[in-house]
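Number of protein chains: 2
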Amino acid sequence: MSPRDAATATVTQARSVFSALGDQTRLSLVARLSSGGPQSISQLTSRSRVTRQAVTKHLDVLAGAGVVHDIRRGRERIWELDSARLQDASRALDQISRRWDEALDRLKIFVERD
Amino acid sequence: MSPRDAATATVTQARSVFSALGDQTRLSLVARLSSGGPQSISQLTSRSRVTRQAVTKHLDVLAGAGVVHDIRRGRERIWELDSARLQDASRALDQISRRWDEALDRLKIFVERD
DNA sequence: CCGTCATGCAACTCTCTGGTTGCCTTTTTG
DNA sequence: CAAAAAGGCAACCAGAGAGTTGCATGACGG
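Listed in order, the protein sequences are those of chains A and B. Just so you know, we're using the numbering used here here: the first sequence kicks off at 18 and counts up by one. Just so you know, we're using the numbering used here here: the second sequence kicks off at 18 and counts up by one.
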C-alpha cells in the first residue's frame, strides 16, 4: 500500500469520528467524560438538557465510532472515553493540513521561479 | 478566562469543522483539494459521483466551517483549502485525548495507593 | 418483600440534509 | 456573433437523525 493510499484509508476511518463529534450534544458528552472521568448514563443526563433516552442514543453513536465504550457495574452502565480513535482523527487532520501547506509551498516556489 | 473555559471554547469552535468533515462526499473533496491543489467546481465534480449542484452545496458547507474559501477567476470559481481551522480541530481532539489520559493516570495512582 | 433507582425497548414526530432536475446568467472562444 | 463552458437559483423529494413519551425490566437498600 502506497503512502497515499494509507493516508486515504486513515482519513476514511476518521470520518465516523468526525460525524460522531459533529453534534453539539455528543461533543458535550465527550468533553464532560474527558474532564469528569467515567460516568453513568444518569450522571451524564443530569448535566444535560436532553432526555436520558437521547443521551443513551448519543452514547451508542459515539460507541459506534469507537470513541467511547461502556462497562456494566451492577444496575448501572459506566461510560468511558477511548482516546485512540480521537488521536487517529487528530492525526488525519494534521496530515491533510500538512500536505496542503506543502503543496502551497511548492506552488510558491514554482511561481517565484519566473 | 480559565484554561478549562479556553479548552471548551476551542472544542465548541471545532464542532462545525467536525460536522463538515463528517460527510463522505465532503471529506473526499477536502482530501482531493489537499493533494490536488486549488480546483474549480467543474474539476471537483468530474472526479465525484454526485452532481455539480451537490458539490457546490458541499463546498458552501465547508466554507461555512471555515475549512475552504473560494477565489473567482473569470467565469470559474477556484476553491482552496484553509488549513488553520483544520489544525485547530486537530489540536482540540488532541487536548481531549490528553486530558482523558491524564485523568486515567490520576485514577490509577489513586487506586494503587491503597 | 417493596419501593426506588438505573436502564432498556418501541413508536412517533419533526426537522435537517444530501441529492436531483430544470432553467437562467455570465464568460470564453472559434 | 453563436455555441459551448462554468456556474447560479429554486423547487422538490426521500431518508436520516435528534428528541420525546410511555411502558417494561432488572438490581438495590431497608
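For every residue, glycine included, the Cβ atom is placed at its ideal position computed from N, Cα and C.
Query - Close Cβ partners of Q30(B) (< 7 Å) along its chain, the five nearest in sequence each way excluded - result: When the five nearest sequence neighbours on each side are left out, the beta carbons in the same chain lying within less than 7 Å of the beta carbon of Q30(B) are those of D105, in order along the chain.
Report task. Report back the beta-carbon spacing between V72(B) and T62(B) to the nearest angstrom; my notes put them in contact at under 8 Å. Result -> Rounded, the Cβ-Cβ distance is 5 Å, consistent with contact.
Query raised in the report: Are there 16 or more other CB atoms within 10 angstroms of the CB of Q41(B), so buried, or fewer, so exposed?
Result: Around the CB of Q41(B), fewer than 16 other CB atoms lie within 10 Å, so the residue is classed as exposed.
Query raised in the report: the stretch 79-94 of chain B: which residues have C-beta closer than 9 Å to a C-beta of chain A, in chain order?
Result: Under the 9 Å Cβ criterion, the stretch 79-94 of chain B contributes no residue.
Report task. Return helix, strand or coil for R89(B), following the three-state DSSP convention. Result -> When secondary structure is reduced to three states using DSSP, R89(B) falls in the strand class.
Query raised in the report: Given a threshold of 16 other Cβ atoms within 10 Å of its Cβ, counted over all protein chains shown, does L50(B) qualify as buried or as exposed?
Result: By the Cβ neighbour-count rule, L50(B) is buried, with 16 or more other Cβ atoms within 10 Å of its own.
**Report entry** Collapsed DSSP secondary structure at R64(B) in the structure displayed
**Finding:** The answer is coil: DSSP assigns R64(B) none of H, G, I, E or B.
Query raised in the report: Taking the continuous alpha helix (DSSP H) assigned at D77(A), which residues delimit it?
Result: Element bounds for D77(A): 69-81.
Query raised in the report: Counting contacts by CB-CB distance shorter than 8 Å, is A120(A) in contact with chain B?
Result: For A120(A), at least one C-beta of chain B is nearer than 8 Å to its own C-beta.
Report task. Compute the distance between the beta-carbons of V85(A) and E97(A), then report whether it is under 8 Å. Result -> With contacts defined by Cβ atoms closer than 8 Å, V85(A) and E97(A) form a contacting pair.
Query - Test item: CB-CB of V28(B) and L44(A) under 8 Å - result: Yes. Within cutoff.
Requested in this report: Output the boundary residues of the alpha helix (DSSP H) element that contains V47(A).
Outcome: Bounds of the alpha helix (DSSP H) holding V47(A) are 41-53.
Query - Meets three-Cβ-pair contact criterion under 8 Å: the stretch 99-114 of chain B and the stretch 111-119 of chain A - result: Because the criterion of three Cβ pairs below 8 Å is met, the stretch 99-114 of chain B and the stretch 111-119 of chain A touch.
Query raised in the report: If the cut is a Cβ gap below 8 Å, which residues of chain B does A26(A) touch?
Result: Within chain B, no residue comes near A26(A); the closest Cβ sits about 11 Å away, beyond 8 Å.
Query raised in the report: Going straight from the alpha carbon of D87(B) to that of I95(B), what length do you get?
Result: The straight-line gap from Cα to Cα measures roughly 5 Å.
Report task. Check the Cβ-Cβ distances between R49(B) and every residue of chain A, and say whether any is below 8 Å. Result -> Chain A, which has no Cβ nearer than 8 Å to the Cβ of R49(B), makes this no.
Query raised in the report: Expressed to the nearest angstrom, what Euclidean distance is found between the alpha-carbon atoms of R32(A) and R123(B)?
Result: Straight-line Cα distance between these residues: approximately 31 Å.
Query raised in the report: Could you give the distance in angstroms between the alpha-carbon of A26(B) and the alpha-carbon of R116(B)?
Result: Across the structure, A26(B) and R116(B) are spaced so that their CA atoms are roughly 15 Å apart.
Query raised in the report: Rounded to the nearest angstrom, how far is the Cβ of G39(B) from that of S100(A), given a contact under 8 Å?
Result: Actually they are not in contact, since the Cβ atoms of G39(B) and S100(A) sit about 19 Å apart, beyond 8 Å.
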